[in-house]
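Residue numbers for the sequence shown follow full-length UniProt numbering, so the first one is 1 and each next one is one higher.
Read through the structure below, which is laid out as structure tokens, and then see the notes.
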Amino acid sequence: MKNASGIAQLVLRLALGIGFILPVMDRLGMMGPNGSPGVSWGDWKHFIDYTNTLLPFAGRPIANIMGLVATLSEAVFGVCLVAGFKIKQIALGAAILTLCFGLCMAIFLGIGAPFNYPVFVFTGAGLVLSGIGSYRWSLDAYLPNNK
């Protein structure tokens, strides 16, 4: 069964990591322009409009800052999870970020909004991944002081 948990954590880590990278690519216009099939935002402006919807009390300048913080966090989380670097810490950070995101969605868009997307699944996945003892097929498995 050790091999099964190794494969499960690898699949979970890759799914979570790619799940962070693709939305970053979308908001930077790398998935196609706004309105294209499968594109949620298509550019920074549409992403910040959405961020402002989730933080209506903050105003657009703060939404820009929060959008930038979220985007940088998601990019770092995604790359680190795919590479398998500092998985425990990164997965916990990912869980906290998605929990905050899901709560904002529930408060300002309605309780169904975070369940229409796997927001809380990402939170749970991050928590599960952060609690695993070791990570085969990762940089952490090969770097000293990470075992």
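Here a beta-carbon is modelled for each residue, glycine too, at the ideal position from N, C-alpha and C.
Being a predicted model, the structure only gives us computed values, none of them experimental.
- Our two residues, Thr123 and Leu97, have alpha carbons roughly 8 angstroms apart in a direct line.
- In this chain, the alpha helix (DSSP H) harbouring Phe122 covers Val119 to Ser130.
- When only Cα atoms are considered, Pro114 and Ala83 end up about 27 angstroms apart.
- Counting along the chain, the unbroken alpha helix (DSSP H) around Val82 starts and ends at Arg60 to Ala83.
- Cys100 is not a Cβ neighbour of Ile90, given a cutoff of 9 angstroms.
- Burial is judged here by how many other beta carbons sit within 10 angstroms of a residue's own beta carbon; Ile87 has at least 16 and is buried.
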